[in-house]
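Asks: Those sequence lines, one after another, are chains A and B.
1 is the number of the first residue of the first sequence in UniProt numbering; add one for each residue after it.
1 is the number of the first residue of the second sequence in UniProt numbering; add one for each residue after it.
In this text, a Cβ means the ideal position worked out from N, Cα and C, and glycines have one as well.
This is the structure, below, for whatever I ask next.
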Amino acid sequence: MKSRITKKFEILKEKKQKALITYITAGDPDLGSTQQLVLEMERAGADIIELGIPYSDPLADGPVVQRASQRALAAGADIDAIFQLVEDIRKETEIPLVFLVYFNCVFKYGFEKFLNLCQDKGIDGLIIPDLPLEERRELKEMMKNYPVDLIPLVAPTSEERIKEIVADASGFIYCVSSMGVTGKRDKFEVDLGKFINQVKTYTDVPAALGFGISSPEMIGKLKNLCDGLIVGSAIIEKIEEGLEDQTSKDKVFNFVKKLDEAKNIA
Amino acid sequence: MIAKELPKRFGKFGGQFVPETLMNALTELEREFIKTKEDAEFQEAYKYYVKEYSGRPTPLYYAENLTKKLGGGKIYLKREDLNHTGAHKINNVIGQVLLARRMGKKRIVAETGAGQHGVATATICAMFDLQCEVYMGQEDIERQALNVFKMELLGAKVNSVTSGTGTLKDATNEAIRDWVANVEDTFYVIGSVVGPHPYPTMVRDFQRIIGDEVKEQILAVEGRLPDYLVACVGGGSNAMGLFYPFIEDKEVAIYGVEAAGLGVDTDKHAATITKGTMGVIHGMMTYLLQDDNGQITPVHSISAGLDYPGIGPEHAYFHEIGRVHYEGVTDQEAVEAFQYLTKVEGIIPALESSHAIAYLMKMAANTSKEDIIVVNLSGRGDKDIHTIRKVLGGKEDEE
Chain A
1 MKSRITKKFE ILKEKKQKAL ITYITAGDPD LGSTQQLVLE MERAGADIIE
51 LGIPYSDPLA DGPVVQRASQ RALAAGADID AIFQLVEDIR KETEIPLVFL
101 VYFNCVFKYG FEKFLNLCQD KGIDGLIIPD LPLEERRELK EMMKNYPVDL
151 IPLVAPTSEE RIKEIVADAS GFIYCVSSMG VTGKRDKFEV DLGKFINQVK
201 TYTDVPAALG FGISSPEMIG KLKNLCDGLI VGSAIIEKIE EGLEDQTSKD
251 KVFNFVKKLD EAKNIA
Chain B
1 MIAKELPKRF GKFGGQFVPE TLMNALTELE REFIKTKEDA EFQEAYKYYV
51 KEYSGRPTPL YYAENLTKKL GGGKIYLKRE DLNHTGAHKI NNVIGQVLLA
101 RRMGKKRIVA ETGAGQHGVA TATICAMFDL QCEVYMGQED IERQALNVFK
151 MELLGAKVNS VTSGTGTLKD ATNEAIRDWV ANVEDTFYVI GSVVGPHPYP
201 TMVRDFQRII GDEVKEQILA VEGRLPDYLV ACVGGGSNAM GLFYPFIEDK
251 EVAIYGVEAA GLGVDTDKHA ATITKGTMGV IHGMMTYLLQ DDNGQITPVH
301 SISAGLDYPG IGPEHAYFHE IGRVHYEGVT DQEAVEAFQY LTKVEGIIPA
351 LESSHAIAYL MKMAANTSKE DIIVVNLSGR GDKDIHTIRK VLGGKEDEE
């Protein structure tokens with residue numbers, strides 16, 4: 001059976017549209033807000049939602065996501081609570097939901113227990129930023145028995161590794177658009193067109209760009225290169241801006257709407 | 001012929017749990033490191049700098065007073081504290097910076113806890129005229145102000161790390177993040193036998209000179225191998241350096257000493273082997289202190305160099321196969337050992353090394369007079385005088 005992610009990309013392809021993938025950290029600033037934010041982002045045009053499982057040591061993340069992680073952990077967003085959140089969200093929407101989770105959380109919680117809950121509660125994919133090709137075999141093997149995609153990351157430095165990384169991938173390919181950690185940057189030093197073409201040589205699975213995409217303008221520039229665009233830190237900044245006067249929800253909605261419009265302008 | 005690649009794991013420990021961006025850099029690092037093993041020029045350069053610049057070989061000192069007082073076996077202290085910059089850390093830094101130069105990298109980043117590795121890195125970078133940035137936790141910067149000033153005098157930029165708990169683990173995260181962003185021109189000089197492969201192997205091989213020397217020195221004076229080896233373990237590089245050349249010598253009993261902080265039954269310690277469970281930190285599978293969700297838990301030790309929630313993966317392996325015994329020593333015991341060695345032998349040990357001395361003080365009485373014990377005195381205590389003074393209730397320095 002096709003996953004929600006695959007179905008979503010197929011529908012978008014027919015409409016000649018790109019996927020807007022938005023990231024927030026689960027539990028930032030609290031679990032109730034996350035549920036509302038997911039629904040708002042969907043209403044504003046997000047096609048796939050990435051939920052970060054907050055982690056004490058988020059190696060691949062810049063300061064913005066680190067702050068989100070710390071707020072979420074302080075608010076008690078542990079794994080069980082997050083699965084409960086997913087169950088609640090699933091009562092309201094069928095939007096594809098992907099976890100961004102560090103390997104140690106899955107490992108310590110237990111692969112099987114974690115995957116069973118993903119299946120039961122309706123998580124469609126896992127992005128594990130610190131699980132490269134060499135270390136993924138055991139988990140990937142196990143995931144074949146679950147309707148959950150293991151979404152591989154390829155980096156501009158991957159080069160000859162790309163072929164093996166994307167072999168039998170499902171869901172989408174997460175193309176890391178710049179060196180470094182997550183968060184805004186002014187420009188991309190990588191030749192992204194060449195990079196995506198390299199990826200496309202080896203797979204038909206949709207390719208989404210992420211890391212550093214922070215504005216409608218950037219989306220406008222990059223959308224023709226790939227099948228999906230991932231925005232994270234810039235959305236979390238909107239949450240932060242609205243923390244004090246409790247306007248996060250509106251700020252995120254308005255921002256995602258602009259991203260969606262930028263994506264859909266021909 | 002030498003191997004094209006090195007084992008990535010020690011049993012089930014080790015590996016490379018890092019962002020994809022770094023994978024090719026790690027492969028290149030491994031390839032270049034393997035080449036240095038057969039490169040006579042590189043090996044000569046390493047030997048030259050550890051000797052002429054750092055003062056090796058360090059003495060293996062027969063601690064006669066300590067031996068008499070403790071009433072057991074003959075105690076020898078491996079005087080790594082006499083290295084330039086005051087600790088064993090420089091052995092590894094010389095090796096890695098030579099490798100960085102060989103690879104044409106112009107910029108060096110490092111993490112530091114107590115500041116010893118940071119000072120050693122800043123020192124070697126000053127000598128070789130390389131750009132150097134050191135990441136250090138906010139809390140450690142306060143605890144080790146003197147080392148921060150030293151690094152700055154040496155021309156390094158010290159970046160204060162406020163994320164997470166503001167200690168060594170967070171400084172390590174930040175150094176890795178820097179490396180991910182600047183991997184093309186930057187070399188990450190890691191300070192212990194931790195991190196993703198090939199670091200634990202590489203750091204071990206640059207530190208094994210400690211144990212290699214001890215073997216030669218003890219055979220020269222005693223005509224046989226020691227019965228016991230003792231060293232403190234945070235990440236575990238001084239211990240690995242001493243232990244590794246003796247691993248196959250089954251008659252040698254080996255003890256690694258962890259920081260038990262306020263006690264292993266409290267939540268303020270850094271006893272990773274005693275209390276930890278398997279997991280991933282800083283790119284390696286090892287034992288670490290974590291909760292049921294895999295969140296790394298805060299650790300504590302009076303010694304900033306042992307204040308680390310993980311341990312080198314090869315130590316985890318030596319524990320697993322029962323080759324090395326890992327024991328805990330509390331803050332208080334370490335402080336007592338610090339004062340004891342200072343008074344008895346006129347040697348002021350680092351608080352890290354004081355953990356090894358404290359364990360020696362517990363175990364020596366159970367050894368016989370014919371036994372030989374070698375303790376790694378990994379660093380000198382100058383940097384800890386302020387901490388000790390505070391603990392002993394002396395007046396704090398005027399700020």
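Select from A/163, A/47, A/22 the residue whose C-alpha is nearest the C-alpha of residue 8 of chain A.
Replies: Working through the first sequence from its first residue, we reach residue 8 of chain A at position 8. The shortest Cα separation from residue 8 of chain A among A/163, A/47, A/22 belongs to A/47.
Asks: For residue 146 of chain A, go through chain B and note every residue whose CB falls closer than 7 Å to its CB, in chain order.
Replies: What you label residue 146 of chain A is simply residue 146 of the first sequence in a count that begins at 1. Within 7 Å Cβ-Cβ: nothing; residue 146 of chain A doesn't reach chain B, min ~20 Å.
Asks: Considering Cα atoms alone, identify which of B/99, B/81, B/331, B/328 is closest to residue 31 of chain B.
Replies: Position 31 of the second sequence, counting from 1, holds the residue named residue 31 of chain B. The residue with the shortest Cα to Cα distance from residue 31 of chain B is B/99.
Asks: Is the region 74-90 of chain B touching the region 370-385 of chain B in the sense that three or more CB pairs, one from each, lie closer than 8 Å?
Replies: Yes: at least three Cβ pairs fall under 8 Å.
Asks: Does the beta-carbon of residue 392 of chain B have 16 or more other beta-carbons within 10 angstroms, so that it is buried, or is it exposed?
Replies: On the second sequence, position 392 is the one that residue 392 of chain B refers to. Exposed is the call here.
Asks: If I follow the unbroken beta strand (DSSP E) through residue 265 of chain A, where does it start and stop?
Replies: Sequence index remark: in the first sequence, residue 265 of chain A carries index 265 (1-based). No beta strand (DSSP E) holds residue 265 of chain A; DSSP gives it neither H nor E.
Asks: Residues of the region 49-72 of chain A in Cβ contact with chain B at a cutoff of 9 Å, in chain order, please.
Replies: Of all residues in the region 49-72 of chain A, 53, 54, 55, 56, 57, 58, 59, 60, 61, 62, 63, 66, 67, 70 have a Cβ within less than 9 Å of some Cβ in chain B.
Asks: Could you spell out where the beta strand (DSSP E) holding residue 282 of chain A opens and where it closes?
Replies: Nothing about residue 282 of chain A can be read from this structure; chain A reaches only from 1 to 266.
Asks: To test your reading of the DSSP string, which unbroken beta strand (DSSP E) runs of 3 or more residues are found completely within the region 166-232 of chain B?
Replies: Here the runs fully enclosed are 186-188, 228-232.
Asks: Name the DSSP bridge partner or partners of residue 62 of chain B?
Replies: Position 62 of the second sequence, counting from 1, holds the residue named residue 62 of chain B. Answer is B/76, bridged to residue 62 of chain B.
Asks: Which bits of chain A does residue 23 of chain B rub up against, with CB to CB less than 9 Å?
Replies: In the second sequence, counting from the first residue as 1, residue 23 of chain B sits at position 23. Going along chain A in sequence order, the residues near residue 23 of chain B (Cβ under 9 Å) are 132, 133, 134, 155, 157, 158, 161.
Asks: Give the DSSP-derived three-state secondary structure of residue 110 of chain B in the structure shown.
Replies: As a working note, residue 110 of chain B is residue 110 in the second sequence. Residue state, collapsed to three classes: strand.
Asks: Buried or exposed: which applies to residue 389 of chain B, given that a residue is buried once 16 or more other Cβ atoms fall within 10 Å of its Cβ?
Replies: The residue given as residue 389 of chain B occupies position 389 in the second sequence. Its Cβ having fewer than 16 others within 10 Å, residue 389 of chain B is exposed.
Asks: Select from A/217, A/17, A/25, A/72 the residue whose C-alpha is nearest the C-alpha of residue 49 of chain A.
Replies: Position 49 of the first sequence, counting from 1, holds the residue named residue 49 of chain A. Among A/217, A/17, A/25, A/72, the Cα nearest to that of residue 49 of chain A belongs to A/25.
Asks: Identify each residue in the region 71-88 of chain A for which the Cβ-Cβ distance to at least one residue of chain B is less than 8 Å, and report them in chain order.
Replies: Those would be 73, 78, 79, in chain order.
Asks: Could you check what DSSP says for residue 240 of chain B in three-state terms: helix, strand or coil?
Replies: Counted from its first residue, the second sequence places residue 240 of chain B at position 240. Of the three classes helix, strand and coil, the one that applies to residue 240 of chain B here is helix, per DSSP.
Asks: Of all the residues that make up the region 29-55 of chain B, which are near chain A by a beta-carbon distance shorter than 8 Å?
Replies: Answer set for the region 29-55 of chain B: empty.
Asks: Count the other C-beta atoms from every protein chain shown that fall within 10 angstroms of the C-beta of residue 144 of chain B, then say buried if there are 16 or more, exposed otherwise.
Replies: What you label residue 144 of chain B is simply residue 144 of the second sequence in a count that begins at 1. So residue 144 of chain B counts as buried.
Asks: Of all Cβ atoms in chain A, is any one closer than 8 Å to the Cβ of residue 200 of chain B?
Replies: Sequence index remark: in the second sequence, residue 200 of chain B carries index 200 (1-based). It does not; no Cβ of chain A falls within 8 Å.
Asks: To the nearest angstrom, report how far apart residue 89 of chain A and residue 161 of chain A are at their CA atoms.
Replies: Taking the first residue of the first sequence as 1, we reach residue 89 of chain A at position 89. Taking the first residue of the first sequence as 1, we reach residue 161 of chain A at position 161. Taking the straight line from one Cα to the other gives about 37 Å.
Asks: Which whole-angstrom value describes the C-beta separation of residue 241 of chain B and residue 207 of chain B, a residue pair presumed to lie in contact below a C-beta threshold of 8 Å?
Replies: Here the question's residue 241 of chain B lines up with position 241 in the second sequence. Here the question's residue 207 of chain B lines up with position 207 in the second sequence. Yes, residue 241 of chain B and residue 207 of chain B are in contact; Cβ-Cβ is about 3 Å, under 8 Å.
Asks: Helix, strand or coil for residue 385 of chain B, going by three-state DSSP, please let me know.
Replies: The count along the second sequence starts at 1 and reaches residue 385 of chain B at position 385. Note: residue 385 of chain B maps to helix in three-state DSSP.
Asks: What did DSSP end up calling residue 325 of chain B once you bin it into helix, strand or coil?
Replies: For this step, residue 325 of chain B is matched to residue 325 along the second sequence. Residue state, collapsed to three classes: strand.
Asks: Please list the partners that residue 103 of chain A has in chain B, where partner means a Cβ-to-Cβ separation under 8 Å.
Replies: Taking the first residue of the first sequence as 1, we reach residue 103 of chain A at position 103. Per Cβ cutoff of 8 Å: 17, 280.
Asks: Tell me, please, which residues DSSP counts as bridged to residue 280 of chain B.
Replies: Counting from 1 along the second sequence, the entry for residue 280 of chain B is found at position 280. Looking at the DSSP assignment, residue 280 of chain B forms a beta bridge with B/285.
Asks: If you count every other CB in all the chains shown that lies within 10 Å of the CB of residue 322 of chain B, and 16 or more means buried, which is it?
Replies: Here residue 322 of chain B is taken as the residue at index 322 of the second sequence, counted from 1. The residue in question, residue 322 of chain B, is exposed, as its Cβ has fewer than 16 Cβ neighbours within 10 Å.
Asks: Run through the region 4-72 of chain B for me and flag every whole beta strand (DSSP E) of 3 or more residues, listed as ranges in chain order.
Replies: Complete beta strand (DSSP E) runs here, min 3: 60-62.
Asks: Taking the straight line between their C-alpha atoms, what separation do you get for residue 360 of chain B and residue 326 of chain B?
Replies: As a working mapping, residue 360 of chain B is identified with position 360 in the second sequence. As a working mapping, residue 326 of chain B is identified with position 326 in the second sequence. Straight-line Cα distance between these residues: approximately 13 Å.
Asks: For my contact list, residue 294 of chain B and residue 116 of chain B are in at a C-beta cut-off of 8 Å; report their separation, rounded to the angstrom.
Replies: The residue you call residue 294 of chain B lines up with position 294 of the second sequence. The residue you call residue 116 of chain B lines up with position 116 of the second sequence. About 30 Å separates the two Cβ atoms, so there is no contact after all.
Asks: Which residues in chain A have a C-beta closer than 8 Å to the C-beta of residue 176 of chain B? List them in chain order.
Replies: Along the second sequence, read from residue 1 onward, the residue named residue 176 of chain B stands at position 176. Residues of chain A passing the Cβ test: 59.
Asks: With 8 Å as the threshold, decide whether the Cβ of residue 366 of chain B is near any Cβ in chain A.
Replies: Sequence index remark: in the second sequence, residue 366 of chain B carries index 366 (1-based). Not one chain A Cβ lies under 8 Å of residue 366 of chain B.
Asks: Quick one: measure Cβ to Cβ for residue 378 of chain B and residue 120 of chain B, integer angstroms, because I've assumed they're closer than 8 Å.
Replies: Here residue 378 of chain B refers to the residue found at position 378 when the second sequence is read from its first residue. Here residue 120 of chain B refers to the residue found at position 120 when the second sequence is read from its first residue. About 12 Å separates the two Cβ atoms, so there is no contact after all.
Asks: May I have a chain-ordered list of the alpha helix (DSSP H) segments no shorter than 4 residues that lie completely inside the region 26-82 of chain A?
Replies: Whole alpha helix (DSSP H) segments, 4+ residues: 31-44, 63-74.
Asks: Output, in sequence order along the chain, the residues in the region 108-132 of chain A whose CB is closer than 8 Å to any CB in chain B.
Replies: If the cut-off is 8 Å between Cβ atoms, the region 108-132 of chain A has 108, 109, 129, 130, 131, 132 near chain B.
Asks: Note down the Cα distance separating residue 155 of chain B from residue 288 of chain B, rounded to an integer number of angstroms.
Replies: Position 155 of the second sequence, counted from the first residue, corresponds to residue 155 of chain B. Position 288 of the second sequence, counted from the first residue, corresponds to residue 288 of chain B. C-alpha separation (whole angstroms): 34 Å.
Asks: Compare the C-beta of residue 180 of chain A with all C-beta atoms of chain D and state if any pair is closer than 8 Å.
Replies: Chain labels in this structure do not include chain D; the protein chains are A and B.
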